[in-house]
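A.B. asks:
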Amino acid sequence: MALFGGKKNDEKDEKLEILKQNLEEIEKENRALKMQLKVYEEEYENIEIIKEKFEKITRENQDFMNKLKEAEDKYREVEERTHDVIKEISEERDKYKSELNNERSKEIIEIRQKEELIEDVQRELERVKAINEELNRQMEETERGKVIVLDAFEKDIEISEGVIVKGGLKTKENVKIENDALIKGDIIAGKNVTLGDRTTVQGAVKCDGSLIMGEEAEIREEIFAGNAFISNGSVIPVSIKTTGDVKGGERIKIGGEFIAGGDVFLGSETIIKTKLEANGNVSIGENSKIMKDLVSNGDVVLGANSDAKTIKAKGNVTIGHNCNVSKVLSDGSVTLMDGTHISEGIEYRGSIKIGGGVTLEGTIRTKDRGEIL
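With the numbering used here applied, the sequence shown covers 212 to 584.
1. Are the CB atoms of A519 and G543 nearer to each other than 8 Å?
2. Where does E352 sit, in a helix, a strand or coil, going by DSSP?
3. In the DSSP assignment, the beta strand (DSSP E) including K381 goes from what residue to what residue?
4. Given a cut-off of 8 Å on the beta-carbon distance, is the pair G531 and E497 in contact?
5. If you check the beta carbons only, do L540 and T521 fall under 8 Å apart?
6. What does the Cβ neighbour count give for K298, buried or exposed, with the cut at 16 atoms within 10 Å?
7. When you compare only the Cα positions, how much space is there between K464 and V446?
8. Would you call T269 buried or exposed, if buried means 16 or more other Cβ atoms sit within 10 Å of its Cβ?
9. Alpha carbon to alpha carbon, how far is V512 from S494? Give it in angstroms, no decimals.
10. Can you tell which of Q273, F476, E259 has its C-alpha closest to the C-alpha of G509?
11. For S421 and N438, which I take to be in contact (beta-carbon distance under 8 Å), what is that distance rounded to the nearest angstrom?
12. Mind checking whether G472 and G459 have CB atoms under 8 Å apart?
13. Would DSSP call M424 helix, strand or coil?
14. Can you find the residues in the same chain that come closer than 6 Å, C-beta to C-beta, to K452, ignoring five residues on each side of it along the sequence?
15. Taking the CB atoms as reference points, tell me whether G407 and E384 lie closer together than 8 Å.
16. According to DSSP, simplified to helix, strand and coil, what is R576?
17. What are the start and end residues of the beta strand (DSSP E) that includes C418?
18. Check I565 in the structure and name its three-state DSSP category.
19. Tell me which same chain residues have a C-beta within less than 6 Å of the C-beta of H552, skipping the five on either side of it?
20. State the Cα-Cα distance for the pair N220 and A243, rounded to the nearest angstrom.
21. Determine whether the beta carbon atoms of I394 and V376 lie at a separation below 8 Å.
22. What does a CB cutoff of less than 6 Å around F440 pick up in its chain, not counting 5 residues either side in sequence?
23. Here's a check: name, in chain order, each residue in its chain whose Cβ is nearer than 7 Å to the Cβ of N443, leaving out the five neighbours to either side.
24. Using alpha carbons as the reference points, say which of K325, E433, A515 lies closest to S301.
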């Protein structure tokens, strides 16, 4: 009996040992599952962190776009205000001219009012400039993802609206650039170059064909072209040289050397800071300023209320109402409209026609018959 009892105990111990081993394996599996669960929890936590960062970036991007829109709205508001202030100045100036009298005290008061208005305009313009610089900075940041560089040579180049070109453009064919673009280098084309409205070229433009500038476009270095067609408000701070004609709209500003191989036709409120030389006729609109000499191999027409230094022409010269001109040298006839002021004399070969209220200073002489005044 003792033997049978011992055998049962051994079987029982074996079963307990098996159960113990099974329990240990279950515990190992349980520990493995706990470790895997911890890994999943850490991964899920990382996903939540990434999700939070993405949502934060999305919110910051939306805030930036809202600020950009606010800046654009503010710029437009200031621009409209500046236009209104300039209009007020113009109206006040006209009123001042019509009501001017001999009362010195009234003159002082009105002059002071104009000075205050001018100071207001200058402050507004400074604000506009600051806003414009900020908008440009924000636009560069916003558009940084689509900055491109093009240097083709055999095909036309076309640049879409608002694109920034970091470098120059070169081709034997045409270059066409849409509105509000920025070109940071030179443009060299074998044919035509077309710039959209408000497009800026920080380098030079050289083309054998025609240059067409949209409204308020700007070229900051030299221009060499066959013909040039310049829209309202465009700016050329350095120089322009053409083998053909130069035709433009209103409010054009040219800061450097101006040489045209053909005719020159520019609209009102033109400002030319240096000498203008043209191989053909020259016509400048009213309220313009030619700050140095104007030389033409053809006829010259200067619009009303304009200023110029010496005008030298191989053809006829016509000067509009209320102009101020230093000197006129003409191989043809000279016509002076009402209210014009000549400060240093006239020399002409044909005939001369003088309107009412004209002021003549200096010597008036014909090239053939000598001095007449």
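The beta-carbon is built from N, C-alpha and C at its ideal position, and this holds for glycine as well. The model shown is predicted, which means the values in this text are computed figures rather than measured ones.
C.D. replies: By the coordinates alone:
1. no
2. The predicted position of E352 is uncertain, since its pLDDT is 49 and thus under 50; no value can be drawn from it.
3. 380–382
4. yes
5. yes
6. exposed
7. 5 Å
8. exposed
9. 5 Å
10. F476
11. 4 Å
12. no
13. strand
14. F435, I470
15. no
16. strand
17. 416–418
18. strand
19. N535, T570
20. 34 Å
21. yes
22. I423, K458
23. E426, G460, E461, R462
24. K325
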